[in-house]
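Scroll down for the structure; my scribbles are underneath it.
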Amino acid sequence: MDYKAAFQTAVEQVRKEGRYRVFADLKRHRGAFPRATWTREDGSEREIVVWCSNDYLGQGQNPVVIEAMHAAIDATGTGSGGTRNISGTTHFHVELEHELADLHGKEAALLFTSGYVSNEATLSTLYKILPGLVVFSDELNHASMISGIRNGGGKRHIYRHNDLAHLEELLLAADPDAPKLIAFESVYSMDGDISDIPGTVALAKKYGAMTYIDEVHAIGMYGPRGGGVAERDGMMAEIDIIEATLGKAFGVMGGYIAADAVIVDAIRSYASGFIFTTSLPPALTAGALASVRYLKAHDELRQQHQERAATLKKMMKDAGLPVMESSVSHIVPVMVGDAVHCKMVSDMLLEDHGVYVQPINYPTVPRGTERLRFTPTPFHTDEMMRDLVGALEKLWAHCNIARLGGRAA
Ligand code: PMP
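Residue numbers (this note's numbering): 8 to 416.
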């Protein structure tokens with residue numbers, strides 16, 4: 008077996024499909040967010056503005072969060088030293104879980120090393136706890152949810168994105184006595200649309216199903232205390248399991264679920280992805296704790312965030328750029344419509360205009376719907392937005408890409 012050739016073939020395949028990814032090497036500077044320095048492969052540098060960070064509220068640069076992490080490192084050292092069951096539970100972990108449970112109005116919360124792991128570990132474990140479980144999963148659910156559902160090894164049905172009529176059809180056709188779970192997200196990160204939580208919960212009640220929501224792209228940003236869209240919609244108590252991340256709006260890293268104490272206790276006791284891995288470093292949990300508390304108390308940051316997103320959408324639409332109408336959130340997706348142009352525009356934005364935004368290509372989105380996905384933060388200024396829109400207008404004309412109304416320039 009020529010092992011090296013096999014790896015080469017695998018990489019070539021990705022290249023052929025136009026999916027080969029190149030990392031942008033970025034240097035951050037404290038206090039300069041969202042500005043950064045990009046280092047090219049030849050070592051030369053360029054100042055850029057980051058337009059695709061999921062540090063949606065700039066909490067990764069918040070002095071309150073930074074100081075909390077410094078203080079925790081000084082007080083406790085670096086790693087946690089073990090799994091949660093074997094010496095890896097520090098007081099910061101315990102406090103953070105209490106804080107997150109409170110944020111979602113739940114009895115308990117459980118930390119994982121990432122949002123990915125929390126989805127994968129929890130969803131796969133639910134099949135162990137509920138024999139015969141049937142999961143109903145929105146077709147645009149994140150890869151980590153899909154992976155957990157597949158690895159659970161039981162029955163699953165995929166419903167069309169946000170299509171509650173289709174979900175009901177599938178629920179109706181399922182064994183009425185089987186345990187059921189509806190798994191969906193609140194804000195969908197590629198289209199920027201928001202699911203109908205009351206409608207989904209109503210169906211769950213009608214058919215005796217549990218509900219599992221991923222609030223990864225909403226946590227910290229929606230609801231009066233940043234509890235997510237379920238908080239905004241007054242639906243937190245109605246959802247059985249709420250999952251989210253500490254790595255996006257909270258600006259740190261890690262994931263969690265919040266639920267009734269007995270649900271958390273069961274997941275804690277059975278989920279391999281929780282049991283057999285070193286817990287998060289205490290300093291990360293201390294930073295996340297400070298961040299959650301900060302965002303609970305700073306609704307004005309959420310207001311500014313929404314204002315910035317609305318302003319960017321308006322400026323883009325006024326310039327005729329095809330902002331996707333699906334977006335009713337802080338995410339600003341702009342349709343390009345083919346992989347080659349999407350990559351080309353992204354490369355030229357970076358090299359010629361100092362704008363960093365990754366192309367979103369297949370398989371993340373369907374072919375023919377390749378797009379650029381902008382994530383304005385409260386710290387993106389009007390001037391940055393004008394520069395961005397000006398650069399996009401030039402590139403749209405240069406590449407002859409369709410504008411609003413479907414016409415090329
Ligand atoms: N869920 C969704 C919807 C996501 O987009 C992501 C990551 N982008 C995750 C879960 C995973 O979260 P994390 O980055 O904390 O692993």
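All residues carry an ideal CB built from backbone N, CA and C; glycine is no exception.
Keep in mind the model is a prediction, meaning the values are calculated, not measured.
Per the coordinates, the alpha-carbon of residue 65 lies some 47 Å from the alpha-carbon of residue 184.
Under the DSSP assignment, residue 45 falls in the beta strand (DSSP E) whose first and last residues are 42 to 46.
Judged by pairs of C-beta atoms under 8 Å, the region 363 to 372 touches the region 348 to 355, as three or more such pairs exist. Annotated three-state conformation of residue 344 is coil, per DSSP. Only exposed fits residue 321, as fewer than 16 other CB atoms lie within 10 angstroms of its CB. Per the Cβ contact rule, the region 258 to 270 is in contact with the region 66 to 85 (3 or more Cβ pairs under 8 Å). For residue 262, the Cβ falls inside the 6 Å cut-off from some heavy atom of the ligand PMP. For the 7 Å CB-CB criterion, residue 313 and residue 385 do not form a contact. Secondary structure remark: continuous alpha helix (DSSP H) runs of at least 4 residues inside the region 194 to 270, in chain order: 204 to 213, 236 to 239.
Relative to the ligand PMP, the beta carbon of residue 343 is positioned no closer than 6 Å to any heavy atom. Pairing residue 196 with residue 220 gives a Cβ-Cβ distance that is not under 7 Å. A direct Cα-Cα distance of roughly 32 Å separates residue 391 from residue 262. Runs of the beta strand (DSSP E) lying entirely within the region 306 to 389 and spanning at least 3 residues, in chain order: 339 to 342, 378 to 381.
For the ligand PMP, no non-hydrogen atom lies closer than 6 Å to the CB of residue 198.
As the crow flies, the alpha-carbon of residue 27 is around 37 Å from that of residue 107.
Checking the 6 Å criterion, the Cβ of residue 207 is out of range of every heavy atom belonging to the ligand PMP. Relative to the Cα of residue 169, the nearest Cα in the group 180, 145, 154, 58 belongs to 145. Between residue 343 and residue 378, the C-beta spacing is below 7 Å. Between the region 100 to 117 and the region 264 to 276 there are three or more C-beta pairs closer than 8 Å, enough to call the two in contact. In the displayed model, residue 409 falls within a strand according to three-state DSSP. As computed with DSSP, residue 54 is found in a beta bridge with 44. Beta-bridge analysis with DSSP links residue 144 to 165, 190. Secondary-structure assignment with DSSP links residue 118 through a beta bridge to 263.
Assignment of residue 32 by DSSP, reduced to helix, strand and coil, places it in the strand class.
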